[in-house]
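Input: a single structure, listed below in C-alpha cells.
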Amino acid sequence: MAIAATTRRLSASERLRRSLGNGRVTAALILLPPALLIFTLFVMLPLGESVWYSFFNWNGYGAPTDFVGLENYQRIAGHSIFHKAVGNTLKIVAISILLQMPLALLLALLIYRKTPTNAVFRLIFFLPFILAEVAAGLIWSFVFDGNYGVTASIAQSFGAESFFILADRDWAFVAVMTVIVWKYFGFHMMIYIAALQSVPEDLIEAARIEGAKRRQIVRYVQIPHIKPAIIVSAFFAIIGALQVFDIIIPLTNGGPSNQTHTIVTYLYTFGLTRLNIGFGSAVGVILFFAAITVAIFYQRFFMGKDKA
Amino acid sequence: MAEVRLNHVEKAFGKFTVIPDMTLTVPEGSFTVLVGPSGCGKSTLLRIISGLEMPTAGEILIGGEDVTLEEPSNRGISMVFQSYALYPHMTVAQNIDFGLRLSKTPADERERRVAEAARILALEDYLDRKPGQLSGGQRQRVAIGRSIVRQPKVFLFDEPLSNLDAALRTQMRVELAQLHQSLDATMIYVTHDQVEAMTLADQIVVMNKGRIEQVGAPMDLYDRPETEFVAGFIGSPKMNLFPASAIGRDDAATIGIRPEHIRTDHENGDWPATAQVVETLGADTILYVTADGIGDMTVRLPGHMRLAAGERLFLTPDPEHLHRFGSDGRRLTS
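Below you can see the structure in the form of C-alpha cells.
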C-alpha cells in the first residue's frame, strides 16, 4: 500500500512538472489575466453597479442615497406599460421564430446554390441587415407616413382613405414587427445559405433516386442536416428580440400611448429619459437575468444535445 | 432485371462535350464495368443512366422502355455512391428503408425487406446505429442495403470501393461478386481501377475521352486489346508498347508485349538489356529494365529472382503474344 501511494504521489508530481513544462499552465497564466480583467471591468462591475443602483431612488446626479430596497422592482412588476413591453418583446420572439425564420429558410432554399443570379438576390435580401437600425427605422417611418408615404399613395390609388398606421394603437406594433422581420430575415437567411451549401450534393441525389420530391428532400434531408444552424439562428432571434431598441425609437418612439415599447425602449424611456436611473437599472437587471436564463436554458436543451 | 441500352447518347456541359456519341448495350443480368482514366466520362455516363443528368441528345432504354425523360426514381434503378451518401441523422434501418417510406410501402413489408437486406449484408446488429458509428465497410454495406430493398431492375455503382483501404476493398469486391450471383440483377459499375474491372465484370466497357475503346469480356480485352489504349490500360503491370521500328519490323507502327510474355536469360536472347529495379513480390518478380535501342520495359517472372540493378541480361519475347497496332492505334489482325 505504502509503495503504491508513493508511486502515485510521484506520478502526480511528475504530471505537475510536465504540465508546467509543456507550457499550458504558463500560457494560462499569461493569457487569462487580461481577459479576466477586461471581463471584470466591463461586464461584472457595471452589472454589480446596476444591481446596486436598482435598490435606490436615484436620478443619476451625485451619489445614490435614497435607499428604497425592492421598491423599484415592485413598481416595475405593477406597471401595465412594462407588461405591455414584455408582451411586445414576446411577440417579437414569436414573429421571429414563426414568420422570420421560415421566410429566411424558404428564401435560402431558393437561392443557396452558387449562381450569378442567386448572388444578386442574396445581396438584395441581405441589404436590410447591412443598413443601420436607426436609418431603417427612419426609412420605414417615411414609408408608413399617412400624408406622403408609400402606403398612403397605395391606399389612395385604391381610392381608400389614407391611414396613419404608426399612430394606430392596434396596428402600430404590427408595422414595427414588419420592419423587424424585413430588417433581420437576411441575417438568418445567410446562416441557412451557408449551412445548405455544406449539405453534400450526393445526399440530395440519393434522395432523388429514392423517389423524394423537392419538398421531401427539404424535410428529410436538408433541414435535418442544417438543424445546428437553425438552432443557432433561433438563439440569435430570441436574444435579438430581447434587445430590440433602435428600430422602434425612430418609428414610433414607443407610442402611440406606449403601445409599442419593448423591454429596452421601456428601460430607455422610463429609466433614462425621465432620469430614474435606479428604476432603469432595475429594468436592466431584469432584462439581463432574462437573457442569461434564456441563454443557459437554450444551451442546455438545444445546443448541448446537438453536440452529443 | 433488365437490359440497358444507350442510343447515340451525347452529353455536353456548355461548350465542353464530355460524351460525343455513345451507343452501348448492357445485357440483362450482366455485371458491366465502365472503366477508364479520370475524366473519361464514365461517371457522367452512369449519371445519365440514373437520370441525375439529362443527355444532350440520344435516348436511354431500360428493359426496352424509353426512360430518357423519366425522373431517376421512375427508372427502376438504384445507385451506390462513392461517398455512400448515407443520411447522418437517420439510423441504419431508417437509411435502408427511406425510399420505401417515401413510396408508402406497408410497414410489415418494409420490415421484411430491411431484415432481408440486413441478413444478406450482415448488418443485423447495426440497424439501430447511426452511420457515424460505423466503419467504412459497414457504411458501404448500408448503402448497398438501401439499393437492395428497392428491388431495382438495374443497380448502379459509382466507384463504390475507392474510399476503402486495400484489404477491405478486396473483401468487398468478393462480396459484390457474390451479391451479383445471388440477386441475379443487372449491375453497372464505374471504376478507374482495372483490377476491380477484371475481377468483377462479365463485360467491360473501356472508355477514353468520352468514347468507347472496346467492349468485351475481361479476358478478351486482356488477350486481344482492340486498341493501343486498351492494351496499355488493361493489365497490371502495363503492357510494354514500343515503336515497331525499334526491333526492325515494318508490319506495324507499335508493338506490344505483356510483361509475362518475355523470358530472360543471362547468356543469350533477342534484346540485350540492363536491369534497373527489381521488385520481389513473392509469387512473382517484376523486373524494370532498359532494353538497348527499345527503351524501358517491364518483365514479370514467376517465383523469386535475384538480380542486382545494373546487371546485364537478355530478353526474348514470346512471338505468339506480340500485339501489333497500326498508326491509328488500332489492332492489326492479318
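Chains as they are written, first to last, in full-length UniProt numbering: chain X, 1 to 308; chain C, 1 to 334. Virtual Cβ for every residue (Gly too), placed ideally from N, Cα, C. Because the structure is a prediction, the values reported are computed rather than measured.
Q | Within-8 Å CB hit, residue 297 of chain C to chain X | A | Counting from one through the second sequence, the residue named residue 297 of chain C turns up at place 297. No, residue 297 of chain C does not count as interfacial toward chain X.
Q. Given a threshold of 16 other Cβ atoms within 10 Å of its Cβ, counted over all protein chains shown, does residue 64 of chain C qualify as buried or as exposed?
A. Within the second sequence, residue 64 of chain C is the residue found at index 64, counting from 1. When all chains shown are included, residue 64 of chain C counts as exposed.
Q: Following the continuous beta strand (DSSP E) through residue 212 of chain C, name the residue where it begins and the one where it ends.
A: Residue 212 of chain C sits at position 212 when you count from the first residue of the second sequence. Taken as a continuous stretch (DSSP letters only), the beta strand (DSSP E) holding residue 212 of chain C covers 211-216.
Q. Can you name the start and end residues of the beta strand (DSSP E) that residue 25 of chain C belongs to?
A. By 1-based counting over the second sequence, the position of residue 25 of chain C is 25. If you look at residue 25 of chain C, you'll find it in the beta strand (DSSP E) that goes 16-26.
Q) residue 234 of chain C: which of C:185, C:256 and C:198 sits nearest, CA to CA? A) Indexing the second sequence from 1 puts residue 234 of chain C at position 234. Among C:185, C:256 and C:198, the Cα nearest to that of residue 234 of chain C belongs to C:198.
Q. What residues in the region 193-225 of chain X bring their beta carbon closer than 8 Å to a beta carbon of chain C?
A. 200, 202, 203, 205, 206, 207, 208, 209, 210, 211, 212, 216, 220, 221, 224 and 225
Q. Using CA coordinates, which residue listed in X:263, X:293 and X:272 is at the minimum distance from residue 83 of chain X?
A. Position 83 of the first sequence, counting from 1, holds the residue named residue 83 of chain X. Comparing Cα-Cα distances from residue 83 of chain X to each of X:263, X:293 and X:272, the minimum goes to X:263.
Q: Leaving out five residues on either side along the sequence, give the residues of the same chain with a beta carbon under 6 Å from the beta carbon of residue 2 of chain X.
A: In the first sequence, counting from the first residue as 1, residue 2 of chain X sits at position 2. Here the model assigns residue 2 of chain X a pLDDT of 47, short of 50, so the residue's position is not dependable, and the following value carries that caveat. Contacts found: none.
**Q.** Whole beta strand (DSSP E) elements within the region 178-204 of chain X, 3-residue minimum
**A.** none
Q. Under 8 Å Cβ-Cβ, which residues of chain X neighbour residue 89 of chain C?
A. As a first step, residue 89 of chain C must be located in the second sequence, where it is residue number 89. Residues of chain X passing the Cβ test: 224, 225 and 227.
**Q.** Minimum Cβ-Cβ distance from residue 62 of chain C to chain B less than 8 Å
**A.** Given the protein chain composition of this structure (X and C), no chain B is represented.
Q. Can residue 161 of chain C be considered in contact with the ligand ATP, in the sense that its beta carbon sits closer than 7 Å to one or more heavy atoms?
A. As for the ligand ATP, it is missing from this structure, which has no ligand bound.
**Q.** C-beta atoms of residue 275 of chain C and residue 315 of chain C nearer than 8 Å
**A.** The residue labelled residue 275 of chain C in the question sits at position 275 within the second sequence. The residue labelled residue 315 of chain C in the question sits at position 315 within the second sequence. Cβ distance not < 8 Å, so residue 275 of chain C and residue 315 of chain C don't count as in contact.
Q: Identify, in the order they occur along the chain, each residue of the same chain with its Cβ nearer than 6 Å to the Cβ of residue 183 of chain X, setting aside the five sequence neighbours on each side.
A: Numbered from 1 along the first sequence, position 183 holds the residue referred to as residue 183 of chain X. The beta carbon of residue 183 of chain X sits closer than 6 Å to those of 128 and 136, all from its chain and outside the five residues before and after it, given in chain order.
Q) Based on Cα-Cα distance, which residue from C:176, C:253, C:283 and C:99 lies nearest to residue 33 of chain C? A) Within the second sequence, the letter at position 33 stands for residue 33 of chain C. Of C:176, C:253, C:283 and C:99, the residue nearest in Cα terms is C:176.
**Q.** Residues of its chain near residue 239 of chain X, where Cβ-Cβ distance is below 8 Å and the 5 sequence neighbours each way are ignored
**A.** The sequence position of residue 239 of chain X within the first sequence is 239, counting from 1. Answer for residue 239 of chain X: 291, 294 and 295, listed in chain order.
**Q.** Straight-line Cα distance separating residue 166 of chain X from residue 141 of chain X
**A.** The residue you call residue 141 of chain X lines up with position 141 of the first sequence. The residue you call residue 166 of chain X lines up with position 166 of the first sequence. About 8 Å.
Q.
Check this for me: beta carbons of residue 185 of chain C and residue 39 of chain C, under 8 Å apart or not?
A. On the second sequence, residue 185 of chain C is found 185 positions in, with the first residue counted as 1. On the second sequence, residue 39 of chain C is found 39 positions in, with the first residue counted as 1. Against a cut-off of 8 Å, the Cβ pair of residue 39 of chain C and residue 185 of chain C comes out as no contact.
(Q) At the level of alpha carbons, what is the spacing between residue 190 of chain X and residue 124 of chain X? (A) To locate residue 190 of chain X, count along the first sequence from 1; it is residue 190. To locate residue 124 of chain X, count along the first sequence from 1; it is residue 124. Answer to the nearest angstrom: the Cα atoms are 12 Å apart.
Q. Any idea what DSSP makes of residue 12 of chain C, helix, strand or coil?
A. Position 12 of the second sequence, counted from the start, is the residue given in the question as residue 12 of chain C. It is a strand residue.
**Q.** Alpha-carbon spacing of residue 280 of chain X relative to residue 269 of chain X, whole angstroms
**A.** Working through the first sequence from its first residue, we reach residue 280 of chain X at position 280. Working through the first sequence from its first residue, we reach residue 269 of chain X at position 269. Each residue's Cα considered, the two are about 9 Å apart.
Q: Might you give, ordered along the chain, the residues of its own chain that have their beta carbon closer than 8 Å to the beta carbon of residue 193 of chain X, omitting 5 neighbours on each side?
A: Counting from 1 along the first sequence, the entry for residue 193 of chain X is found at position 193. Cβ neighbours of residue 193 of chain X beyond the five flanking positions: 108, 111, 112 and 122.
**Q.** Rounded separation between residue 117 of chain C and residue 162 of chain C - CA only
**A.** One-based indexing of the second sequence puts residue 117 of chain C at position 117. One-based indexing of the second sequence puts residue 162 of chain C at position 162. So the alpha carbons of these two residues sit roughly 23 Å apart.
Q. For the 8 Å Cβ check, are there 3 or more pairs between the region 222-233 of chain X and the region 252-267 of chain X?
A. no
Q | Contact list for residue 79 of chain C against chain X, beta-carbon separation under 9 Å | A | The residue you call residue 79 of chain C lines up with position 79 of the second sequence. Correct list: 205, 206 and 209.
Q: Pull out every residue of the region 83-107 of chain C whose Cβ sits closer than 7 Å to any Cβ of chain X, in chain order.
A: 83, 85, 87, 89, 98, 99, 102 and 103
Q.
Please tell me whether residue 222 of chain X and residue 244 of chain X are closer than 8 Å, where the distance is taken between their beta carbons.
A. Taking the first residue of the first sequence as 1, we reach residue 222 of chain X at position 222. Taking the first residue of the first sequence as 1, we reach residue 244 of chain X at position 244. Not a contact, by the Cβ cut-off of 8 Å.
**Q.** beta strand (DSSP E) segment containing residue 189 of chain C, residue limits
**A.** Sequence index remark: in the second sequence, residue 189 of chain C carries index 189 (1-based). From DSSP, the beta strand (DSSP E) with residue 189 of chain C extends over 186-191.
Q. Does any CB atom of chain X fall closer than 8 Å to the CB of residue 50 of chain C?
A. The count along the second sequence starts at 1 and reaches residue 50 of chain C at position 50. It does; some Cβ of chain X falls within 8 Å.
(Q) Just to confirm the assignment: which complete alpha helix (DSSP H) runs, minimum length 4, are found wholly within the region 108-170 of chain X? (A) 116-130, 133-143 and 150-157
Q | residue 267 of chain C, buried or exposed, once every other Cβ within 10 Å from all chains shown has been counted against 16 | A | Along the second sequence, one-based indexing puts residue 267 of chain C at 267. Result: exposed.
(Q) Count Cβ pairs between the region 238-248 of chain C and the region 289-302 of chain C that sit closer than 8 Å; are there 3 or more? (A) By the Cβ criterion, the region 238-248 of chain C is in contact with the region 289-302 of chain C, since at least three pairs of Cβ atoms, one from each stretch, lie closer than 8 Å.
Q | Beta carbon of residue 119 of chain C nearer than 8 Å to that of residue 149 of chain C | A | Reading the second sequence from its first residue, position 119 is the one you call residue 119 of chain C. Reading the second sequence from its first residue, position 149 is the one you call residue 149 of chain C. No, the pair does not count as a contact, with Cβ atoms beyond the cut-off.
Q. With DSSP run on the structure shown, which of helix, strand or coil describes residue 37 of chain C?
A. Along the second sequence, one-based indexing puts residue 37 of chain C at 37. Note: residue 37 of chain C maps to coil in three-state DSSP.
Q: Compare the C-beta of residue 72 of chain C against all C-beta atoms of chain X and say whether one is closer than 8 Å.
A: Here residue 72 of chain C refers to the residue found at position 72 when the second sequence is read from its first residue. Closer than 8 Å: yes.
Q. My guess is that residue 135 of chain C and residue 80 of chain C are in contact by the Cβ rule of under 8 Å, so how many angstroms apart are they, rounded?
A. Taking the first residue of the second sequence as position 1, residue 135 of chain C is located at position 135. Taking the first residue of the second sequence as position 1, residue 80 of chain C is located at position 80. Contact doesn't hold; Cβ gap of about 16 Å is too wide.
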